[in-house]
Each structure stands twice: as structure tokens, then as C-alpha cells.
Ligand SMILES: Nc1ncnc2c1ncn2[C@@H]1O[C@H](COP(=O)(O)OP(=O)(O)OP(=O)(O)O)[C@@H](O)[C@H]1O
Ligand SMILES: [Mg+2]
């Protein structure tokens, strides 16, 4: 297993948001995380990432067989974890270009490498755009594309996408999906994929372009059901998340 | 200046010799010596200063090789030890004493935009001129219709312990000329405590532009009281950039621009980094007194250790149709430091537009998290954010000078 979460309970701001999470993701797999607003999906992501506000009160997180529950965020990222944020902050005076250099392990005084320049171009960013302060005044779609571009600089072994498609127009969803595919080894045959991912989506539209192996529904601090992504999404579309509650009862 | 007004200057100064400044800690001037400690030899070449001094000067933007400069001036303690007036045909650079001998009219520019009785520091400077019969400081002037893009560099250097340095500078941009200055202030390696009072009076004749970029790098026990007044006539632009990121005992300054001419424009941009137990009280004031005058005051302050920063700004509009904007942003990095932002807007006419924006807080955890999530460790993330915060785009400088200023800012900010 690449990622193994066992009996995870997490408090944020004194409130227990995650109660008992068990989740495993193998190498080469893409999983989808579903759940109503406020269920704790982003919380799970940021806990895996190790942000200090997310207080693990029980359980463990293992990555590549190593217990990472007590590692700092930077250490986890160096082990190969990456994330695209739902709504990242803007930082004055820190340019996209500088970040891309750091993320692709370049020296800050060097010119940005040709691979990144080409990827920026693919994601429809002009050279001048790269000199803008990160996320400062970016449109919703630009934020999402810049997050994916930064991940392409990092090429993590395990990538978490927090609503990469929300607020993105149809044309751009396809563009993003194709780059997300790169991050998840979708260009390789299923058996030889190495990179894995976990993706949060509400509408599931992006799943038309990014194939997923498994879906999980997060409710009330627990994974209430897991299974085939298409079937689960279909269920939720028909019966809402209430259906998942019933499903949890029968589990 | 006629005899009568000269007498008035000294009388006013005498009356104000114990007058505390309106703001800032009161300094006991008597703790510092105004006797010339060592006679300092004139330099033939600016490059003749010692290696250490060279590095110190370079940090405040003064290049001893005078590369890309249009003139140089160096004052050590009270003596003008070097002047280079022969690089450019467009600008004049002289010690004030020399200039006052050469130009009788120069007296008319003394004590006009800075008053001798403003406080005890200006009073002390005026009375010292009376007692010694010497005026220290520099005179820089751009000739009518000229546009020299290379800056004049001027440096105030304190070389001896417990010195009280005073200077009285006059800068004049003649009609339709453009003038750029870099002024650096610094102390010698073995100076621990000293005092600096610099009176600067600047005049922008119609159609002219001055940019004035000042970098301070004092020793930790130095008391600094610059007093600056700028008079803007019709269609002029004044840009003031101020950078301080090294420890100091106390500094208090509140340069004031008088936009007295129509279409005049004053911009103050400052970067203040408080360290150790520095008390930094720096403001900028723009008086918008003529139609279509514009004022902008932008500051970024970061406090560390036990430092205190008072970041002030004052815009005052007295006629219709003027515009002003004030922006103070502060980052408090340590629990024992503080930033006090004091933005003031004053409107005494209808139909004008003035706004301000002030935000003071600690470094955002969300921003640190964002950077750590890209594999940057927490400490590096913090310093990236601080550097990014301080690193504002300085506008209005010619390309070459803009690049150099950016380098000076980078250098100062890297030390944060
Ligand atoms: N820092 C915090 N302080 C207090 N409460 C928090 C904090 N972060 C998250 N929460 C709470 O935890 C719960 C889960 O939030 P989370 O952002 O994980 O939900 P989500 O499943 O991602 O929702 P959405 O679909 O709306 O993005 C919410 O009730 C939220 O208010
Ligand atoms: Mg969320």
C-alpha cells in the first residue's frame, strides 16, 4: 500500500471533525472522495499533508510503509505527497515563477527550465503571468490551473486534488483533466501505473475525463461507504447522501 | 537672505533650543560632542577609503568606484572629505560652504521648507552654523532643461564615537530638469553611539522631477533625526524611497512635501525593518495645496525582536480636485515587538479624493502552510513571505537606477 490510514480521529479548533477514518490507496490507483459540504473532506487532505492546526487525536497515517503521523508538512512533501488546494491564499511578493523553480528543484537564480515553460504554455499561462504574485487577483480558473502547474513541477507520487474542477468552465475542465491524467500516470496502461491520487469532486463531471478506481463517501466523520465510483455517484445523484446513510447502516 | 532674516533664523533657533520634537523620544543633545574630534584628511579619490568602509558604503548604495554615478559627496562626521562635481555637465555637486561662497542666491533657499525653530534638532543645526560660520552638508542642483539619468550619490558617514553630526542639505531641480539622488547614511565599524541630524531642503522648479532614494545603516546606539521639507512647484514630480533594515537606537523623521504647484505629485515609498530594540518612527506627509496635486504614501514595516515601529502617514487636501492615497502595511514577527500604524487624512475642501489602507498583523499561517505544502520548510517559508512583503515595486526610477535600487532592497531585505 502506498497510503494507509487507520482509525484516524482529528480535531480542528477543538472540534472533532474526523472520527474514525480507515482508507488505503495502492500504487497506481486513483480514488475519489465524496461527501456533503462540511463533511471533513478537506480536513482529511490537510491532515494527510500534516498542517499543524489538524490535531491527530487517534490513529496513524502511513506512507510508503513509513509512519508519517508526526512528520512536518515539508517532510511529507519531500517523501512524495502533493496537493492542489480548494482555495489557496495569495502571497504578496512571491511569484508563480519562483515557486515553480523551487518545486522543480531549480536554483532561484537560474532561468525556469524549458519543461516548465512548456507546461505553463500548455496550461495557457503567458510568460508575464508567471511573474505575478501567486494567486493574487487570479480568476477562479487561473487559481486551479496554477495549482496543477505547480504539481506538475513537483510530480508527487501521491497527489490530492481538492475540487480541481469547481468553478472551471467545460473547456478548461478537459484541459485540467488531461494534466491531472499526467500526474496520475493515466497515459500508462493500468498495470504499470505508479502514481496515485485522491480526488474530491462534488459534481463528478471531471470523472468523465479522469478514470477512477474507487470512490469513498465521507459522512459524519467516517467513511460511510466505498465502491465503484460510477455506481456510487449515480446513487448519490438519485437519492442524495441520505442513501449513503442507509447504506452505512447496512454495512 | 538679507541681514534681518539671517538674524531672525538665529533668534528663532535660540528660542527653540530646548524645544522637544512633537513626536519621538527626546534626545539629550549634550551627550554628544560637537567638537571636531579628529581632523579628517580630504580624499583625492573616493576609492581611497579603507576596504571595510567601502563595503559599508556599498551597503547604503554609495559606490566608491563611482560607476554609473553623476556625482559624489561624502561627509565624515562634520567634514566634507570628498566631492566629485566633474562627472556630469547637467548636475552640480558641492559642499554647502563652497556652494554658499559661489552662489549668493543660495541663502534664499536656507531654512525655508524646514524651519529653524521646528524643534531643538533644527535649532541646534542652525546655531551650529552661526557659531562655526560653516555650513556642512551638500548642495546638489540640476541645471535647467537637463535630464541626467545617472544618480548623484551623497553619503553621511559617522566615523567617531559619540559624535553629533549635523548637515544642512539643499537640493534644487531647475525648470524642466530631472535629478536623481542616492543618499546613504552609515557609521564606522567601531562607532557604538552617535547622533545624526540632517536638515534637507528640496526645491522642484516648474516641470522638474527629483527622485531621492535613501538607505540607512546605522550602529545600534545611534540617534537619528532627519528633518526634510520638499517644495513642489507646477507640474513637478517628487519620489522619495526610504530603506532601513538594520538596528538603530531611535530614528524619528517625518519628511513633508508641499505640493504648492498645480499638477504636482509626491510619492513616498518606505521599507522599514525593525530589529533588536530599535525604535523607528517614520512618517511621510503630503500637503496637497494646488489644483490637481497628487500624493501617495506607501509603507511596509516588519518588526522583529523587541523593536517598535511607528509608521505614520498624513495627507492633507486644502483645495478641490486633489487626490491622495495612503497605504501602511505591517507584519509583526515577534511577540515582543510592535507596529503602530497611524494613517491620517485631512480634508479642508469639498470635492477631493483621499483614501487609506492600513493592515497590521502577524505573518499568516495559511501562507506559511501553503509554502510548506510545496516542500519548503517552515523557516524558509517565513523568510520568503517577509521578503515578498517588503519587496515592493519601486516606481518612477530610470531603468539602471531601478535595477540598482532593487538590488539594494534585495540586499537589505535578505538580511532580515
Ligand atoms: N480551522 C478550523 N476551525 C474550526 N472549524 C473547522 C476548521 N477547519 C474546518 N472546520 C470545520 O470542520 C468541518 C469540515 O470542514 P471541511 O473543510 O473539511 O469540509 P469539506 O468536506 O471539505 O466541505 P466542502 O465540501 O464544503 O469543501 C466544517 O464544519 C468546518 O467548519
Ligand atoms: Mg472542502
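Chains as they are written, first to last, in this note's numbering: chain A, 1 to 251; chain B, 252 to 667.
Using N, Cα and C, we set each Cβ at its ideal position, and we do this for glycine too.
Buried versus exposed, by CB contacts within 10 Å (16 or more), residue 477 (chain B): The residue given as residue 477 (chain B) occupies position 226 in the second chain. Buried, since its Cβ has 16 or more Cβ neighbours within 10 Å.
Note down the Cα distance separating residue 449 (chain B) from residue 163 (chain A), rounded to an integer number of angstroms. Numbered from 1 along the second chain, position 198 holds the residue referred to as residue 449 (chain B). Numbered from 1 along the first chain, position 163 holds the residue referred to as residue 163 (chain A). For residue 449 (chain B) and residue 163 (chain A), the distance between alpha carbons rounds to 58 Å.
Which ranges would you report for the beta strand (DSSP E) in the region 501-583 of chain B if only whole runs of at least 3 residues count? 501-504, 507-510, 516-525, 530-539, 545-554, 559-568 and 574-583
Taking all protein chains shown into account, do 16 or more other C-beta atoms lie within 10 angstroms of the C-beta of residue 356 (chain B), making it buried, or fewer, making it exposed? Along the second chain, read from residue 1 onward, the residue named residue 356 (chain B) stands at position 105. That one is exposed.
Can you find a C-beta in chain B that's less than 8 Å from the C-beta of residue 86 (chain A)? Position 86 of the first chain, counted from the start, is the residue given in the question as residue 86 (chain A). It does not; no Cβ of chain B falls within 8 Å.
Cα-Cα separation, residue 251 (chain A) to residue 230 (chain A): Reading the first chain from its first residue, position 251 is the one you call residue 251 (chain A). Reading the first chain from its first residue, position 230 is the one you call residue 230 (chain A). Note that residue 251 (chain A) has pLDDT 48, beneath the 50 cutoff, so the model's placement of it is unreliable and no number is given.
With distances taken between CB atoms, is the gap from residue 543 (chain B) to residue 572 (chain B) smaller than 8 Å? Start at 1 with the first residue of the second chain, and residue 543 (chain B) comes out as number 292. Start at 1 with the first residue of the second chain, and residue 572 (chain B) comes out as number 321. It is a contact, given that the beta carbons lie within the stated cut-off.
Quick one: what's got a C-beta closer than 8 Å to residue 675 (chain B)'s C-beta in the same chain, skipping five residues either side? In the structure displayed, chain B extends from 252 to 667; residue 675 (chain B) sits before or after that span and is not available.
Could you work out which residue in B:554, B:424 and B:626 is closest to residue 591 (chain B) when comparing CA atoms only? Position 340 of the second chain, counted from the first residue, corresponds to residue 591 (chain B). Answer by Cα proximity: B:554.
Kindly indicate which three-state DSSP category residue 318 (chain B) falls into: helix, strand or coil? Here residue 318 (chain B) refers to the residue found at position 67 when the second chain is read from its first residue. Three-state DSSP puts residue 318 (chain B) in coil, outside helix and strand.
Go ahead and label residue 325 (chain B) buried or exposed: buried means 16 or more other beta carbons lie within 10 angstroms of its beta carbon, across all protein chains shown. Sequence index remark: in the second chain, residue 325 (chain B) carries index 74 (1-based). Under this definition residue 325 (chain B) is a buried residue.
Option nearest residue 417 (chain B) by Cα separation, candidates B:433, B:389 and B:425: For the purposes of this step, residue 417 (chain B) is taken as the residue at position 166 of the second chain. The option with the nearest alpha carbon to residue 417 (chain B) is B:389.
Below-8 Å beta-carbon distance, residue 623 (chain B) vs any chain A residue: In the second chain, counting from the first residue as 1, residue 623 (chain B) sits at position 372. Yes - at least one Cβ of chain A is within 8 Å of the one on residue 623 (chain B).
Compare the Cα-Cα distances from residue 496 (chain B) to each of B:509, B:558 and B:490 and report the closest residue. As a working mapping, residue 496 (chain B) is identified with position 245 in the second chain. If we check each option's Cα against that of residue 496 (chain B), B:558 comes out closest.
C-beta contact flag for residue 218 (chain A) and residue 40 (chain A) at 8 Å: For the purposes of this step, residue 218 (chain A) is identified with residue 218 of the first chain, where counting begins at 1. For the purposes of this step, residue 40 (chain A) is identified with residue 40 of the first chain, where counting begins at 1. Their beta carbons are under 8 Å apart, which means residue 218 (chain A) touches residue 40 (chain A) by this criterion.
Where the region 26-51 of chain A meets chain B: residues whose CB sits under 7 Å from a CB there: 49 and 51
The region 604-621 of chain B: which residues have C-beta closer than 7 Å to a C-beta of chain A, in chain order? 615, 617, 618, 620 and 621
Does chain A have any CB closer than 8 Å to the CB of residue 629 (chain B)? Within the second chain, the letter at position 378 stands for residue 629 (chain B). Yes, its Cβ sits closer than 8 Å to a Cβ of chain A.
Contained beta strand (DSSP E) runs [length at least 3] in the region 356-395 of chain B, N- to C-terminal order: 389-393
Which bits of chain A does residue 642 (chain B) rub up against, with CB to CB less than 7 Å? Sequence index remark: in the second chain, residue 642 (chain B) carries index 391 (1-based). Within chain A, the residues near residue 642 (chain B) are 93.
Could you tell me which of B:541, B:507 and B:646 sits nearest to residue 365 (chain B), measuring between CA atoms? Translated into the one-based positions of the second chain, residue 365 (chain B) becomes position 114. Of the listed residues, the one whose Cα sits closest to residue 365 (chain B) is B:507.
Can you round the beta-carbon distance between residue 589 (chain B) and residue 598 (chain B) to whole angstroms, since I take them to be within the 8 Å contact cut? Residue 589 (chain B) sits at position 338 when you count from the first residue of the second chain. Residue 598 (chain B) sits at position 347 when you count from the first residue of the second chain. With a Cβ gap of about 29 Å, residue 589 (chain B) and residue 598 (chain B) do not count as contacting.
Starting from residue 460 (chain B) and walking both ways along the beta strand (DSSP E), at which residues does that stretch end? As a working note, residue 460 (chain B) is residue 209 in the second chain. Looking at the DSSP string, the run of the beta strand (DSSP E) that includes residue 460 (chain B) is 460-468.
Assuming contact is defined by CB atoms lying nearer than 8 Å, are residue 532 (chain B) and residue 275 (chain B) in contact in what I supplied? Numbered from 1 along the second chain, position 281 holds the residue referred to as residue 532 (chain B). Numbered from 1 along the second chain, position 24 holds the residue referred to as residue 275 (chain B). It is a contact, given that the beta carbons lie within the stated cut-off.
Reference residue 154 (chain A); option with closest CA among B:455, B:499 and B:626: As a first step, residue 154 (chain A) is located in the first chain; it is residue number 154 there, counting from the start. The shortest Cα separation from residue 154 (chain A) among B:455, B:499 and B:626 belongs to B:626.
Output needed for residue 94 (chain A): all residues of its chain with C-beta closer than 8 Å, excluding positions within five of it in sequence on either side, in chain order. Here residue 94 (chain A) refers to the residue found at position 94 when the first chain is read from its first residue. For residue 94 (chain A), where only same-chain residues beyond five positions count, the Cβ hits under 8 Å are 133 and 134.
Which residues of chain A have a Cβ atom closer than 9 Å to the Cβ of residue 636 (chain B), listed in chain order? Numbered from its first residue, the second chain carries residue 636 (chain B) at position 385. Under the 9 Å cutoff, chain A gives 91, 92, 93 and 94.
For residue 156 (chain A) and residue 83 (chain A), the rounded distance between their alpha carbons: Here residue 83 (chain A) corresponds to residue number 83 of the first chain, with the count starting at 1. Here residue 156 (chain A) corresponds to residue number 156 of the first chain, with the count starting at 1. Distance between the alpha carbons of residue 83 (chain A) and residue 156 (chain A): 9 Å.
Look up residue 427 (chain B) in the DSSP assignment and say whether it is helix, strand or coil. Within the second chain, the letter at position 176 stands for residue 427 (chain B). Coil at residue 427 (chain B), not helix or strand.
Short CB-CB distance (under 8 Å) between residue 72 (chain A) and chain B: As a working note, residue 72 (chain A) is residue 72 in the first chain. Yes, contact with chain B.
Opening and closing residue of the beta strand (DSSP E) in which residue 23 (chain A) lies: Counting from one through the first chain, the residue named residue 23 (chain A) turns up at place 23. Where residue 23 (chain A) is concerned, the enclosing beta strand (DSSP E) stretches over 15-25.
Taking all protein chains shown into account, do 16 or more other C-beta atoms lie within 10 angstroms of the C-beta of residue 498 (chain B), making it buried, or fewer, making it exposed? One-based indexing of the second chain puts residue 498 (chain B) at position 247. By the neighbour-count rule (16 or more Cβ atoms within 10 Å), residue 498 (chain B) is buried.
Contact check, residue 471 (chain B) vs residue 91 (chain A) under 8 Å by CB: the rounded distance? As a position in the second chain, residue 471 (chain B) is number 220, starting the count at 1. As a position in the first chain, residue 91 (chain A) is number 91, starting the count at 1. The pair is not a contact, with the Cβ atoms about 32 Å apart (cut-off 8 Å).
Rounded straight-line distance, which links the Cα of residue 291 (chain B) to that of residue 410 (chain B): Counted from its first residue, the second chain places residue 410 (chain B) at position 159. Counted from its first residue, the second chain places residue 291 (chain B) at position 40. Near 10 Å, if we compare the C-alpha coordinates of residue 291 (chain B) and residue 410 (chain B).
Taking residue 19 (chain A) and residue 221 (chain A) to be in contact with their CB atoms under 8 Å, please state how far apart those CB atoms are, rounded to whole angstroms. Walking along the first chain from the start, residue 19 (chain A) turns up at place 19. Walking along the first chain from the start, residue 221 (chain A) turns up at place 221. About 3 Å; that satisfies the 8 Å criterion.
So for residue 250 (chain A), helix, strand or coil by DSSP? The residue you call residue 250 (chain A) lines up with position 250 of the first chain. Here residue 250 (chain A) scores only 47 on pLDDT, less than 50, and its place in the model should not be relied on; the value that follows carries that caveat. Here residue 250 (chain A) sits in helix by DSSP.
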